[in-house]
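Trainee: Residue numbers for the sequence shown follow the working numbering, beginning at 33 and rising by one.
Built from N, CA and C at the ideal position, the CB exists for glycine as well.
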Amino acid sequence: MSAITRTELDGIKKISSGKVRELFDHNDSLLFVATDRISAFDVILSSGIPGKGKLLTQISKFWFDKLFPITLSDGTQVNHHLIESDVEKMQLPAQSIDSLRDRTLQVKKCEIVKIEAIVRGYITGSAWSEYKKSGTVNGQAIREGMSESEKFDEPLFTPSTKADMGEHDENISVEEYKKRVPEPLASQIQEAAIKIYKLASEYAATKGIIIADTKLEFGIDSDKNLVVVDEILTPDSSRFWPVDGYTVGKSVDSFDKQFVRDWLKSVGFDKNNPVGPVIPDDIIVKTAEKYNQGYNLLTN
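(1) Just how far apart, CA to CA, sit Trp-182 and Glu-120?
(2) Where in the segment 225-295 do unbroken runs of the alpha helix (DSSP H), each at least 4 residues long, occur, reported from the N-terminal end onward?
(3) Is the beta carbon of Gly-171 sitting closer than 7 Å to the one on Ser-205?
(4) Do you know whose CA, among Glu-208, Leu-217, Met-122, lies nearest Gly-108's CA?
(5) Compare the beta carbon distance of Gln-222 and Leu-104 with 7 Å and say whether it is the shorter of the two.
(6) Just the C-alpha distance for Lys-282 and Trp-160, rounded to the nearest angstrom, thanks.
(7) Based on the DSSP secondary-structure assignment, which residues constitute the bridge partners of Glu-148?
(8) By how many angstroms is the C-alpha of Phe-287 removed from the C-alpha of Ala-72?
(9) So is Thr-266 buried or exposed if we call it buried at 16+ other beta carbons inside 10 Å?
(10) If we ignore side chains and look at the alpha-carbon of each, how far apart do Lys-227 and Thr-246 end up?
(11) Closer than 8 Å is the cut-off here; do at least three beta carbon pairs connect the segment 302-320 with the segment 247-267?
(12) Please report the distance separating the alpha-carbon of Ile-242 from that of Tyr-229.
(13) Helix, strand or coil for Phe-94, going by three-state DSSP, please let me know.
(14) My output table needs one value for Arg-53: the three-state DSSP class, helix, strand or coil.
(15) Note down, one range per segment and in chain order, each beta strand (DSSP E) of at least 3 residues found wholly within the segment 81-136.
(16) Thinking C-beta only, is Phe-100 closer than 7 Å to Asn-111?
(17) Among the residues of its own chain, which have a CB less than 8 Å from the CB of Val-169, if the five just before and after it don't count?
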């Protein structure tokens, strides 16, 4: 199976092309097509991971079906942007249907809230780096004596900006977040993000998976409802750890593109180089196995 790294649809306008997804304007809705592209350190690499886009799409659909709608403390119902996942019902060019199958979602057009709603349940990655230096995470004071990969007492909401393509997201404090997002929307997004993380984490734990952290995005649909947009709780937007490989005090391997990141570091990849190198076949195979393992554990 070869990797699909680009998609074009006859007669359907492409709006944008992101790190992984291609976005098309389709009647009164949008088409999200997940390619097999892979990025690391904010660089799209020249090689793809065969089948990755399908797995990401099916994981998002799994969570959309399982978790929503959710009800917030003020009675607000939060749903998702998904309209249809069956390509046979999307009125697509016949010659494109097979290539789009299982990797395409038809979704609502929404006004996007320009914030990444990040929820952290465990201290790892950039959160661990900041904590070692200052005892804080996103400027929030954290109790003393935590070890790498340790679980927080309660999940932390650590928002970031949502940068345009080619630029970098920046972590911001909750106080800065509330300056950028008006109330009651700011509080609703924060509560919804934490609730989604908790519900997903409880389920994943029954499947032998720890969700260390996740990134969510929100929008407002045409009926002025708050909805989750983009992907949700995939290995690209979250850290999934195997329960049986989890140990406090060290970094934990995850079901994602860590093999690719580690290989890039080993070859001295320049993060400022806009052109990514060709990934060796064995790294592609190992990365694909990680994505498949995470998907199968979650959904079986």
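Mentor: So, from the data block:
(1) One detail in the question is off: residue 182 reads as Glu in this sequence, not Trp. Glu-182 and Glu-120: Cα-Cα distance of roughly 45 Å.
(2) none
(3) yes
(4) Per the sequence presented here, residue 108 reads as Thr, with Gly not at that position. Comparing Cα positions, the closest option is Leu-217.
(5) no
(6) 11 Å
(7) Ser-192
(8) 15 Å
(9) buried
(10) 12 Å
(11) no
(12) 11 Å
(13) helix
(14) strand
(15) 109-112, 114-116
(16) yes
(17) Arg-152, Ile-155, Ala-159, Glu-162, Tyr-163, Leu-188, Thr-190
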